[in-house]
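J.: As you go down the protein sequences, you meet chains A and B in turn. Going by our numbering, the first residue of the first sequence is number 1, and it counts up by one from there. Going by our numbering, the first residue of the second sequence is number 341, and it counts up by one from there. Note that the Cβ used here is the ideal one computed from N, Cα and C, for glycine as well. Remember, it's a predicted structure, so these values are computed and weren't measured experimentally.
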Amino acid sequence: MKRFLTTIAAFIFIPVLLLVAVYIITDPYRTIRPFSLEDFDETNRDYVSSELWLMNNPVQHYDSYLFGSSRLGGINTYHWLKYLPEGSSHFLFQGWGETITGMEQKISYINGAGLPIKNAILLLDYPGAFRKDQNLITVTSIKHPTFAGRPKLIHESILFWFFLQKPSQWWRAVIQWKNPRKPEFDFDPISNDTNRNNKYSDLDTPPGKDSLKKCSETNRESFIMENSCKTDSDLRIGNAMINEVFEGQLRHIRSIFDAQGTDYRIILSPDYCYTNLKLNEADLKKLRDIFGEDNVFDFTGRNYMTEDYNNYSDPEHFGLWVGWHMIEEIYNQEQHKSQY
Amino acid sequence: MLFNSIEFAIFLPIVFLLYWFAFGRNLKLQNLFVVLASYIFYGWWDWRFLVLIAFTSFCSWGSGMLMARTPEGKLRKRIAAANIVINLLILCAFKYYDFFVTEFARLLHLNSDGLLLKVILPVGISFYTFQALSYSIDVYKRKIEPTRDIVAFFAYVSFFPQLVAGPIERATNLLPQFEKKRSFDYDTAVDGCRQILWGLFKKMVVADNCAGYVDRVFGNYQAHSGSTLLLAAILFAFQIYGDFSGYSDIAIGTSKLFGIRLMRNFNVPYFSRDIAEFWRRWHISLTTWFRDYIYIPMGGSRCPKAKIVRNTFVIFLVSGLWHGANWTFLAWGAYHALLFLPLILFGKNRKYMDVVAEDRLLPNLKECGQMLLTFFLVVIGWIIFRAENIGQAGGYIAGVFQKDLFTLPLLFLASKSSIFFAGLMLMIEWIYRRKEHAISHAPTMPKWGDMAICYILVLVILEFSAHSPSFIYFQF
């Protein structure tokens, strides 16, 4: 028995200890060393956004925020700026798979620090932002320790746990140990906008019919599969997802906005792969009760945005044309309402 | 609790250490601990159904005790029959009642809504019920002495590695192991760990990677070409094999850690040269159960031809029904009966008892043809098995044999990796087809070689596993 336990312990713990050393030395997610725009890791967008905010805010004095997930990649803040008062300083607070919990943490932190939130858009993924497990922790979605109020050591332990489970990360960590990491996409280091060089110029002309050809193989696969899945599916109404916890968080956000006199909009994101899934009426009612009828914009289900895959870069991410239309609709409601 | 979950990764070492160190010196306590651990394992899913397992165990143990005190005769037969009826009634209530009521009501154009029980199916009910039944039948037939040790019997019925998806053990094999002191054996335990790894590879890498493609194609089969449908059906064959045999490997490997030997459940079934050989190699514990407790008592193949036909159909239809309350499972059973029948009628069903290409590295052309044909027939069967209903099964099979069968199927990154890993599994199983499991220790292999294989498997599992919420056979 002793021999067996020794063998098993050696089999498991020797490599794990080695990997602990590799993790500490190589800092694969660039979370141990101080944040630098010259060398950072995009695996966790929330971390990058948060570090950027912590670094810039003392100088930039942000007062306008876009909170949301990777879907924010379909919004160019350039289109938003014309609806912001002159002199506003805006920041795009993006985190992969952002949830209501994550948004509330950030808003609470900013408010708690006595900083202004004059303008805000909350882009809620549907159904993603409402998932039951709001504390779902993955390497891509774990929240920044400062905003989540989590000790740094716990944060690193969680990241190490994920690191441990993906051997490809081990090699990547070693290879990129001393090589600065370039971000996978360009973004503005002040506003955190990922579309600073990527503007859509014509609001009346949809993207066209070639977008599928431009997709990566994975996205093309998703499009074909999702598209074929939709062929015979009727519009479904999603289950009510806003429970007491979410409601409490949303009401807290509202109370902060009220105290700050924030001009805010709540958007329910239009997703191509959920074209046939419409937000539950009970949830919509709750959101409108909390934030007011005129501040909640539901783009879920079938509409002129979601019915054409050309409007999307992949089944879950709308493109700039959709993002622009949403901005126009939420600030200019009467003009575009007929298009729902 | 799933074998491929963090909970089980914590549960297993704790149970292992307590089993050997805290309770190892007292057999009764050790068995009691097995029961407790098994009930925790099962209760993790839904503790309410523990009552069912306990009731099944108690009835079967009690009937054994009563039979021991009763002389040969009608009363003894009635006791055995009563226990069998009780167990089957529970199984039918949970698994078949709603199905048959719905079907009868449909036949009579009645509304069945008020008559349905609408209860969820307790995980593994078919497995532990059959295990309990085998004890009663064996005691009745005096193949085994009834046990007085109620704790050992409860451990036999609920032993956690094989509680929810088998192998379905016989009392003659498993019960005596709980009645005598177990000793720890290093080589067996290490081999158990290897078998667990191999099972995890089959489940998490092969089966779960195939699942994504299979689910999407079966979910919308009308939209796909014949070649895509065929590819999805082939991948389903690997999914169900990887899933179920992977589970069996983990169960057998885990049992070895506790000094318990379970029967082999799969023996390279996709290298079979005819359907009869396939059924000797697929889900062996269930196939032999049906053979010993239904087929042979009905006369087996030693009776007039009309009866052989009847017996063959009965055993395959019951086997189909065992998998679930759906016409597709019955059709799947009937399909295999039709394939099996010519072999048994012409006395060819025991033609291939050895492993294919026993003394050679590669099979000859004839063997290749036989294996391919058998595999193809099995794949057609899996389409019926996987379909939601008979209409879908028919539509799917018709869809396979379209003009576009000879076009390129939809091949994406995910499907390519599924094909790669299924091929890899097949290749490794071919090379080691004579061994108990693919990565069991070979005398010629140095120690570092064994270690390297295990590390490679761990890396592959970590890197390429896909996540599936459950095992396919849990629903049976």
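1) Would you check if the distance between the CB atom of B/Q579 and the CB atom of B/A547 is smaller than 7 angstroms?
2) What residues in its chain sit with their C-beta under 8 angstroms from that of A/T140, if we drop five residues either side in the sequence?
3) Any residues in the segment 792-808 of chain B with a beta carbon nearer than 8 angstroms to a beta carbon of chain A? Which ones, in chain order?
4) Closer than 8 angstroms by beta-carbon distance: list the chain B residues that pair up with A/F4, in chain order.
5) Give the single residue among B/V800, B/L392 and B/G734 whose Cα lies nearest to the Cα of B/L764.
6) Can you grab the Cα-Cα spacing for the pair A/Q260 / A/I110, in whole Å?
7) Would you check if the distance between the CB atom of A/K267 and the CB atom of A/I107 is smaller than 7 angstroms?
8) Is any beta-carbon of chain B found at less than 7 angstroms from that of A/S168?
9) Measuring alpha carbon to alpha carbon, tell me which of B/V463, B/I490 and B/G532 ends up nearest B/A505.
10) Near A/Q94, what residues of its chain come up, given a Cβ to Cβ distance below 6 angstroms and the 5 sequence neighbours on each side ignored?
11) Nearest to B/F493 by CA position, among B/V375, B/P637 and B/R726, is which residue?
12) Are B/G539 and B/L597 close, meaning C-beta to C-beta below 7 angstroms?
13) What in chain E is Cβ-close to A/T7, meaning under 8 angstroms?
14) Give me, in chain order, the residues of the same chain whose beta-carbon lies closer than 6 angstroms to that of A/Y83; leave out the 5 immediate sequence neighbours on both sides.
15) Quick one, which of B/W387, B/T714 and B/H807 has its alpha-carbon nearest B/I574's?
16) When you compare the CB positions of B/L750 and B/T568, do they come within less than 7 angstroms of one another, or not?
17) Is it buried or exposed for B/P507, if we count other Cβ within 10 angstroms and need 16 for buried?
18) Can you give the Cα-Cα distance for B/L369 and A/M1, rounded to whole angstroms?
19) Name the one or two DSSP bridge partners that A/Y264 has.
20) How big is the Cα-Cα spacing for A/D298 and A/N280?
21) Give me the chain A residues within the contact set of B/W360, using Cβ-Cβ distance strictly less than 8 angstroms, ordered along the chain.
22) Anything in the segment 154-165 of chain A with a Cβ closer than 7 angstroms to a Cβ of chain B? List those residues in chain order, please.
23) Might you give, ordered along the chain, the residues of its own chain that have their beta carbon closer than 7 angstroms to the beta carbon of A/C229, omitting 5 neighbours on each side?
24) Roughly how many whole angstroms lie between the Cα atoms of B/Y437 and B/E443?
25) So the candidates are B/L661, B/K520 and B/I460; which of them puts its Cα closest to the Cα of B/G673?
26) For A/H317, which beta-bridge partners are listed by DSSP?
27) What does a CB cutoff of less than 7 angstroms around A/N295 pick up in its chain, not counting 5 residues either side in sequence?
28) Tell me where the beta strand (DSSP E) around B/G734 begins and ends.
29) Based on the DSSP output, what are the partners of A/H90 in its beta bridges?
30) Which whole runs of the alpha helix (DSSP H) in the segment 437-504 of chain B are 4 residues long or more, in chain order?
31) I'd like to check one pair, B/E776 with B/Y692: are the Cβ atoms closer than 7 angstroms?
32) Considering Cα atoms alone, identify which of B/L683, B/P786, B/F741 and B/W667 is closest to B/N729.
33) Which residues in the same chain have their Cβ closer than 6 angstroms to the Cβ of B/I426, if we skip the five residues on either side of it in sequence?
34) In terms of residues, what are the limits of the beta strand (DSSP E) holding B/V324?
T.: So, from the data block:
1) Between B/Q579 and B/A547, the C-beta gap is smaller than 7 angstroms, which places the two residues in contact.
2) Cβ within range, chain order: T43, N44, R45, W96 and G97.
3) Within the segment 792-808 of chain B, the qualifying residues are C794, Y795, L799, L802 and E803.
4) Going along chain B in sequence order, the residues near A/F4 (Cβ under 8 angstroms) are F524, Y526, A529 and V530.
5) Of B/V800, B/L392 and B/G734, the smallest CA-CA separation from B/L764 is found for B/V800.
6) Distance from the CA atom of A/Q260 to the CA atom of A/I110, rounded to whole angstroms, is 11 angstroms.
7) Strictly speaking, residue 267 of chain A in this sequence is Ile, with Lys absent from that position. Using a Cβ distance threshold of 7 angstroms, A/I267 and A/I107 do not count as a contacting pair.
8) Taking Cβ atoms only, chain B reaches closer than 7 angstroms to A/S168, which makes this a yes.
9) Among B/V463, B/I490 and B/G532, the Cα nearest to that of B/A505 is on B/V463.
10) Answer for A/Q94: R45, S49 and L72, listed in chain order.
11) It is B/V375.
12) Contact: no.
13) Among the protein chains of the structure shown, namely A and B, there is no chain E.
14) Contacts found: Y331.
15) Minimum Cα distance to B/I574 is reached at B/T714.
16) Yes, these two residues count as a Cβ contact at 7 angstroms.
17) It is buried - the Cβ of B/P507 has at least 16 other Cβ atoms within 10 Å.
18) Whole-angstrom Cα-Cα distance: 20 angstroms.
19) DSSP, once it has assigned bridges, lists A/A120 as partnering A/Y264.
20) If you take the alpha carbons of A/D298 and A/N280, they lie about 10 angstroms apart.
21) Ordered by position in chain A, the residues that pass the 8 angstroms Cβ test against B/W360 are M1.
22) Within the segment 154-165 of chain A, the residues whose Cβ lies closer than 7 angstroms to some Cβ of chain B are Q165, listed in chain order.
23) Because A/C229 carries a pLDDT of 47, less than 50, the predicted location of this residue cannot be relied on, and no value is offered for it.
24) Whole-angstrom Cα-Cα distance: 10 angstroms.
25) Ranked by how close their Cα comes to the Cα of B/G673, the residues B/L661, B/K520 and B/I460 have B/L661 in first place.
26) DSSP, once it has assigned bridges, lists A/D314 as partnering A/H317.
27) So the qualifying residues of the chain are Y264, R265 and I266.
28) In the DSSP assignment, B/G734 falls outside any beta strand (DSSP E) and lies within the alpha helix (DSSP H) extending over I730 to V740.
29) Per DSSP, A/S64.
30) Listed in chain order, the complete alpha helix (DSSP H) runs (minimum 4 residues) inside the segment 437-504 of chain B are 437-447, 465-480, 490-498 and 500-503.
31) Contact flag unset, no.
32) Comparing Cα positions, the closest option is B/W667.
33) Excluding sequence neighbours, B/I426 sits near C399.
34) Since the first residue of chain B shown is 341 and the last is 816, residue 324 of chain B is not available in this structure.
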